[in-house]
Each structure stands twice: as structure tokens, then as C-alpha cells.
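Worksheet: one structure, shown below.
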Amino acid sequence: MASTPSNSVPSKTTNMDVKLSSETEPRSVKAWPGGIPNARTVMDNTPAMAYAPVLLMQSLTIFINKLPVTKRLYERMNATYSAENIHIFGTFFITTAVYWALGLVFMYADLTERPKWLLKYKVQPWKRVGPKEYFKICVIVLRNQICVGIPLSVIMGKYIAPFRGMRTGLPLPGVLETVGTWCFCLVCTEIGFFYVHRLFHSPTFYAKVHKKHHEYTAPVALASNYCTMLEYALSNLMPVILGLFILGSHWSLIVMYWSDLGIGTLCVHSGYNIPYCRRSLSHDYHHYSFNENFGPLGILDALHGTSK
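See below:
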């Protein structure tokens, strides 16, 4: 465990008139989740409800790709920019913008404890991340995106996309291609992330590679990419690319699927188990206990007996 796992903020910076800020931590992992304040509310987001955002993003992708204006947009985009530049700059800037837009919303909620209605969904309200910790998180995330994300985007645009025939133009993917790509890529992400993540929890790799990510035992959204550069490449990015690479997916599916996973990862790490959002409960427990709930979907956790 890291040397600063408490996520605590000095009492002088804590708004004590907000009930959740003054809750006490359960004495043991066994008390979790029974020791969670508002446990009944937190548990309202069921696994079935948590798949709603995936279906919504699939439906949104299908809807957007069927619009006449989208076809005109793709015609103009491909006439103006090369496929290489679309893959390099378009993918990086769109997915990065989505990540920061939602991540900063969660950061605002953590630092201001607003909106008030959100607080009842906080899984571990006795632990908070203050401005100094958030600054450190943002610096590491930016480092990873610049030093790993940009070079990987260049490699993808220059070599991987042409090699796999990843198109950027018309025709746009239809319903079957979109749904099939999503399902296949979710399975690939589950396999890739689970086994890499579990490997990083082994004594050989944990201290050098994965320990940094576990400095926060009550994670926050932006800390989803708070990790070493090696982990960011092998655990956070490669499992996402795996299915898209195998299928040679269209650029529109690459951007939308990647954005969907980014949104899901932020929600999972947010510490708020909000109904009809990706469940943070299982991954919050992973950060709390360290040896359960390794995968994003829970399928391989159930198979390997690591599901909590």
C-alpha cells in the first residue's frame, strides 16, 4: 500500500456542515459496504442499470452516423485532412476533450460538495481529495496523455490504421457493425484489462508499476489515469485498442467507443455510485481492499473467484 492512502483533507479545509464530510471510516474491510453511510441509496445503481450508458452511446453513434449532415461532415473532413491526421489529431483531441470535460465536473463536485444531491451517492465519504492532491493528479494525467497518448496516436495514425485498413470516410458503419464492434471490443477490453491489471498486482510488478495508482484508496474520477506511464500504456490504452485493431474499425467507432470507455472509467473511479451510470461500487471496493474486482465487466472476476 502506498504511503499516502488516506485521501484525507485537513479539517480546516473541510466543510463540516455537510453531513457526509464528517462520517467515520469503517474499522475493517469486512464492514464495507455495510459501513457506508446511505448504503441503501448507494446500492440503488444495479449492475443492469449500469449498462444503460453503453446502450445510450451505441444508440447515439448509430443515430449520428445516419444523419445526412454527418455524411456531409465526413466528406468535407476527408477532403480537408488526410486519414493519417484524422487518426492522429482527431482521435487524440476528441477523446482527451471528453475525458477532461467530465473529469473536471467530478473535480468540481469533490472540491465544492455541490450539487448537494450528489453527496448521497458517495461510496466512501469519509475520504476526500483536496486541491493540492488534485493538482498532483492533473499533472500526472497530463504527463501520461502527452508522453504516452500522443506518441501512441502517431503510431496508430501512421502505421496501425493503414495496416488494418481503418477507414475515415464513407460509407459510415451501420447498426449491425456498430453493435457488433461494441460487443467484441468490450470483451477484448475485459480480457486485456483484467489480466494486465491482475499481473500488475503481483509482487513482481505492484511496487514499481501499479502502486502509484493505489495511492488513493477512495478514488476520484481524474485519478483513473493517475498511474505510471507503463501502466497507462499497457493497462489503460492497449486493452481499448485491442478489439479495434483486430476488427480494423472505422474511425467513427474508434472515437465513440474510446470516448464511451473514457466516460465509463471516469464514472467508475468517481466514487459516486449514481443510478444509470457506470457502477463505481465494485472498483471503489478494489481500491479499498486491493485484491478483488480486477476487471471492468466482472465476467472474469466471477470466473476466477475475485468478484466481490
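Just so we're aligned: 5 in full-length UniProt numbering is position 5 of the sequence shown, and the numbers increase by one with no gaps anywhere. Backbone N, C-alpha and C fix where the C-beta goes; we use that ideal spot for every residue, glycine too. In this text the structure is predicted, and so the values were computed from the model without any measurement.
Nonlocal neighbours in the same chain, by C-beta distance under 8 Å from residue i, ignoring five residues either side
| i | result |
| --- | --- |
| D284 | V123, Q124, A218, P219, G271, N273 |
| R114 | Y108 |
Residues that residue i bridges to, as DSSP identifies them
| i | result |
| --- | --- |
| K122 | Y272 |
Exposed unless 16 or more other CB atoms sit within 10 angstroms - verdict on residue i
| i | result |
| --- | --- |
| P68 | exposed |
| C277 | buried |
| S28 | Since pLDDT at S28 reaches only 40, below the 50 mark, its modelled position is unreliable, and the value read off the structure follows with that caveat. The residue in question, S28, is exposed, as its Cβ has fewer than 16 Cβ neighbours within 10 Å. |
| I246 | exposed |
| K66 | exposed |
| A109 | buried |
| C267 | buried |
| A207 | exposed |
| F93 | exposed |
| E75 | exposed |
| H304 | exposed |
| E174 | Reading off the sequence shown, one finds Gly at residue 174, where the question assumed Glu. With fewer than 16 other Cβ atoms within 10 Å, it is exposed. |
| F63 | exposed |
Cβ shell of residue i (< 6 Å), same chain only, five flanking positions each side left out
| i | result |
| --- | --- |
| V196 | L234, S235 |
| residue 397 | Residue 397 is absent from the model: the chain starts at 1 and stops at 308. |
| T61 | T178, M256 |
Residue j beta carbon less than 8 Å from that of residue i
| i | j | result |
| --- | --- | --- |
| T168 | N78 | yes |
| M49 | P275 | yes |
| N293 | S282 | yes |
| P239 | F193 | yes |
| T95 | G262 | yes |
| V209 | E190 | no |
| M229 | V148 | yes |
| T70 | L172 | yes |
| Y226 | V141 | yes |
| R164 | G248 | yes |
| L118 | Y134 | no |
| residue 344 | F290 | No answer is possible for residue 344: the residues shown for the chain start at 1 and end at 308. |
| L242 | Y257 | no |
Contacting residues, own chain, Cβ-Cβ under 7 Å from residue i (five flanking each side not counted)
| i | result |
| --- | --- |
| A223 | I137, Y216, H269 |
| residue 365 | Any question about residue 365 goes unanswered here, given that the chain covers just 1 to 308. |
| R198 | F294 |
At least three beta-carbon pairs within less than 8 Å, the stretch 245-255 to the stretch 170-190: yes
Three-pair Cβ contact test at 8 Å for the stretch 73-88 versus the stretch 143-159: yes
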